[in-house]
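All letters in the sequence shown, in the order written, are residues 44 to 480 by the numbering used here. These notes concern the structure reproduced below.
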Amino acid sequence: MMKEIRVGLIGFGTVGKGLAATLLQQKDRLRQRVGAAVTLKRVADIHVKSLPEEYCGVTLSQDAGDILTDPEIDIVVELIGGIEPAKSFILAAIAGGKHVVSANKALFANHGREIFAAAVKNNVEIGFEASVGGGIPVIKSLKEGLVANRIEAISGILNGTANYILTQMTDHGSLFAEVLKDAQAKGFAEADPTYDIEGIDTAHKLAILMSIAYGLHVQIGDITTEGISTIEPIDIDFAREFGYRIKLLAISRNHGDHVEARVHPTMVPEDHMLANINGAFNAIEFTGDTVGDILLYGQGAGMMPTGSAVAADVVDIGRNILSGSVNRVPALSFLPEFIGEPRITPMSSLTCPYYFRVTALDKPGVLSRISGIFGQHNISIKSVIQKSRHADEPVHIVLMSHQASEADVIKALAEIDGLEICTAPTMKIRILVDEQD
């Protein structure tokens with residue numbers, strides 16, 4: 044029996060350092076749990092000139108090919124991110140009969156189908172726990188712990204940067220731009236935060252979760268995606284008045300022959316579990332037909348939490364190598380021949396309550412005119428707040444609707460925003476409701 048699992052690491056950035064530290068600090072515990080040493084043998088990174096002295100037994104290279112062609116490497120860990128050259132490295136490792144672990148959510152959300160097919164063809168394993176939820180064992184829970192369930196719904200806060208920004212705006216009344224700058228200074232947000240604040244990172248993660256939950260080839264293009272950059276403190280204040288908090292949510296519901304796939308700012312009732320997930324933390328709620336609702340919560344990013352998730356994949360694959368049970372658990376939980384094509388619920392058919400903030404001139408009859416347009420488009424208004432402003436300034440008219448269809452809402456807002464009395468586009472935020480509501 045092999046007494047050592049040898050790892051090659053491509054990328055010695057934040058998460059790469061977290062993995063290396065985990066394997067070193069936990070080496071005795073891992074040996075006791077695996078029955079073999081889990082050893083970092085090689086590191087490749089074009090920007091690293093030397094490794095810290097505690098890694099004196101690890102070979103450093105600036106050429107990933109040194110890892111891909113090393114016959115002693117059992118598992119290749121890709122932690123450089125992006126599409127290329129990460130995709131080429133992973134496919135080369137697979138073609139060479141090496142198992143792969145990666146945290147690359149963008150790659151799996153866009154090209155997972157090709158990568159998983161190559162892994163099946165070459166009888167190697169792909170581990171990607173760290174691609175969703177950082178240190179939270181989301182994928183393992185979904186693939187294995189919930190295997191006996193039909194997943195009815197997924198909802199979650201999957202991006203710590205966006206959640207940190209919304210939390211700061213909620214707690215301190217700060218403007219979006221101010222909080223974003225603060226988040227960048229503290230390292231919570233990238234220099235280019237587009238993927239985080241516009242919901243793209245969250246959509247990548249939702250695509251991966253849906254593929255596992257439903258046994259479907261879901262890709263990033265299947266998911267309707269909206270970000271948080273248009274949210275203003277006034278919307279957060281109004282949400283609080285109505286008993287809600289605004290969160291950037293990933294939402295999917297399983298309707299049997301079609302599935303919802305959407306990411307957008309959402310008003311969450313303040314007594315809901317997800318309303319109280321704050322700061323840079325993540326939380327994912329699954330609803331299974333057998334288990335009911337469960338919530339997984341924890342640090343969704345960071346060197347050591349994510350390094351922990353990568354190490355867990357390395358250990359899982361190492362155990363399977365040692366026991367001769369490679370691919371005991373299929374990469375997407377479903378056997379490949381049972382993974383189908385998704386039929387995504389059209390966004391226009393979505394039905395839910397809505398929050399609207401109309402900015403209009405303060406003139407007699409404005410409210411009745413706006414309410415009339417909503418009524419003409421089958422949108423029933425539940426409550427209204429209109430706060431006075433200084434003389435000659437536009438007013439904010441806030442309306443909460445009962446259940447309404449997205450198609451009707453789009454038509455109504457196009458008509459309202461075209462009125463000469465409206466001075467800015469209407470803010471629209473969907474409200475979270477339970478499926479049975």
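Virtual Cβ for every residue (Gly too), placed ideally from N, Cα, C.
query: From the DSSP output, which residues share a beta bridge with T268?
result: Under DSSP, T268 forms a beta bridge with V306.
- prompt: So, I472 versus M310, is the Cβ gap smaller than 7 Å?
  reply: Yes, Cβ-Cβ distance for I472 and M310 is below 7 Å.
message: For the pair the segment 435-448 and the segment 397-405, tell me if three or more CB-CB distances fall below 8 Å.
response: The segment 435-448 is in contact with the segment 397-405.
message: If you follow the beta strand (DSSP E) that S444 is in, where does it begin and where does it stop?
response: Taken as a continuous stretch (DSSP letters only), the beta strand (DSSP E) holding S444 covers 438-444.
- prompt: Under the rule that 16 or more other beta-carbon atoms within 10 Å means buried, what is G155, buried or exposed?
  reply: G155 counts as buried, since no fewer than 16 other beta carbons sit within 10 angstroms of its beta carbon.
message: So the candidates are G418, S411, G258; which of them puts its Cα closest to the Cα of I464?
response: The shortest C-alpha separation from I464 is found at S411.
Backbone CA spacing between I294 and K70 [nearest angstrom]: Cα to Cα, I294 sits roughly 39 Å from K70.
query: Thinking C-alpha only, which one of I474, H142, A256, D244 is nearest S376?
result: For the residues I474, H142, A256, D244, the minimum Cα distance to S376 belongs to A256.
message: By alpha-carbon positions, which one of I453, M253, G341 ends up nearest to M470?
response: Answer by Cα proximity: I453.
- request: Identify, in the order they occur along the chain, each residue of the same chain with its Cβ nearer than 6 Å to the Cβ of N206, setting aside the five sequence neighbours on each side.
  value: The answer, listed in chain order, is I200.
task: Identify the continuous alpha helix (DSSP H) that holds P128 and give its terminal residues.
output: Where P128 is concerned, there is no enclosing alpha helix (DSSP H), given that its DSSP letter is neither H nor E.
- request: Apply the 10 Å Cβ neighbour rule to I123 and answer buried if 16 or more other Cβ atoms are within range, or exposed otherwise.
  value: Flag for I123 reads buried.
field: Between the CA atoms of R288 and V81 - distance to the nearest angstrom
entry: The alpha-carbon atoms of V81 and R288 are separated by roughly 45 Å.
message: Whole angstroms are fine: how far does the CA of E195 sit from the CA of Q479?
response: With a pLDDT of 45 at Q479, under the threshold of 50, the modelled position of that residue is not reliable, and the figure given next carries that caveat. Those two C-alpha atoms are separated by around 12 Å.
CA-to-CA distance, F399 to G230, given in whole angstroms: Whole-angstrom Cα-Cα distance: 33 Å.
- request: Please name the residue or residues paired with F329 in a DSSP beta bridge.
  value: Answer is I197, I337.
A354 versus I197: straight-line alpha-carbon distance, rounded: Rounded to the nearest angstrom, the two C-alpha atoms are 26 Å apart.
- request: Report buried or exposed for E187, applying the criterion of at least 16 other Cβ atoms within 10 angstroms of its Cβ.
  value: It is exposed - the Cβ of E187 has fewer than 16 other Cβ atoms within 10 Å.
message: Comparing C-alpha positions only, which one of T245, H260, A246, P308 sits nearest to T273?
response: By alpha-carbon distance to T273, the top candidate from T245, H260, A246, P308 is P308.
message: Distance check for G176 and Q342, CA to CA, integer angstroms please.
response: Taking the straight line joining both Cα atoms gives about 7 Å.
query: Any chance the segment 115-134 sits against the segment 145-159, with 3 or more Cβ pairs inside 8 Å?
result: A contact between stretches requires three or more CB pairs, one per stretch, nearer than 8 Å, and the segment 115-134 meets this requirement with the segment 145-159.
field: I266 Cβ short of 6 Å to the ligand SAH heavy atom set
entry: Inclusion of the ligand SAH in the displayed structure is not the case, the ligand content being empty and no account of it being possible.
field: Other residues of its chain near G270: CB distance less than 7 Å, five sequence neighbours each side excluded
entry: Closer than 7 Å at Cβ, skipping near neighbours: I240, E241, G242.
task: For L52, name the three-state secondary structure that DSSP assigns.
output: Here L52 sits in strand by DSSP.
query: In angstroms, rounded to a whole number, what distance separates the CA positions of R85 and E303?
result: Taking C-alpha positions only, R85 is separated from E303 by approximately 43 Å.
- prompt: Exposed or buried, what is G100 when buried is set at 16 or more other beta-carbons lying within 10 Å of its beta-carbon?
  reply: Exposed, because fewer than 16 other Cβ atoms sit within 10 Å of the Cβ of G100.
query: Can you tell me whether R305 is buried or exposed, with buried defined as 16 or more other CB within 10 angstroms of its CB?
result: Of the residues assessed, R305 falls on the buried side of the cut-off, its CB having 16 or more other CB atoms within 10 angstroms.
task: Apply the 10 Å Cβ neighbour rule to M253 and answer buried if 16 or more other Cβ atoms are within range, or exposed otherwise.
output: Only buried fits M253, as 16 or more other CB atoms lie within 10 angstroms of its CB.
message: Rounded to whole angstroms, what is the Cα-Cα separation between F55 and A173?
response: Separation of F55 and A173 (C-alpha to C-alpha, rounded to the nearest whole angstrom) is 15 Å.
task: Starting from the C-beta of P348, find all residues in its chain whose C-beta is less than 6 Å away, skip the five residues before and the five after it, and write them out in chain order.
output: Apart from sequence neighbours up to five positions away, the residues of its chain that approach P348 with a beta-carbon distance below 6 Å are G177, G178, Q342, ordered along the chain.
Straight-line Cα distance separating L185 from V476: Distance between the alpha carbons of V476 and L185 is about 23 Å.
- prompt: Taking buried to mean at least 16 other C-beta atoms within 10 Å of its own C-beta, is K92 buried or exposed?
  reply: It counts as exposed.
- request: Compute the Euclidean distance between the alpha carbons of R386 and L134, then round it to the nearest angstrom.
  value: Distance between the alpha carbons of R386 and L134 is about 28 Å.
- request: Return the residue from the list L73, I53, I424, A87 that minimises the CA-CA distance to C395.
  value: Nearest of L73, I53, I424, A87 to C395, Cα basis: I424.
- prompt: Going by other Cβ atoms of all chains shown within 10 Å of its Cβ, with 16 needed for buried, is D265 buried or exposed?
  reply: Within 10 angstroms of the beta-carbon of D265 lie 16 or more other beta-carbons, which makes it buried.
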